[in-house]
Amino acid sequence: NPNMAGDGTALYISSLLRKTGVKITRLARGLATGGTIEYASGKMLTDAIIGRQQLE
């Protein structure tokens with residue numbers, strides 16, 4: 001889950017797997033399609049901006 005506990009769990013698991021050479025990725029996060037900015041947290045907005053992808 002995209003919350004503090006979920007982020008902590010992801011970091012812990014990635015630290016355990018890092019030595020195995022397994023590729024570790026995370027699903028994109030941010031605003032849902034049709035979502036309203038007024039209900040978004042600062043963290044959610046930051047993740048949405050950082051995770052932008054160029055349209056091709």
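Numbering follows full-length UniProt numbering, in which position 26 of the sequence shown is assigned residue number 26; successive positions increment by one, without gaps.
Cβ coordinates follow ideal geometry from the N, Cα and C atoms, glycine included.
Quick caveat, the model's predicted, so the values are computed rather than measured.
| Check | Outcome |
| --- | --- |
| For R18, three-class secondary structure by DSSP | helix |
| Under 8 Å between C-beta atoms of G35 and G51 | no |
| Start and end residues, alpha helix (DSSP H) containing A40 | A40 -> no alpha helix (DSSP H), and no H or E assigned at all. |
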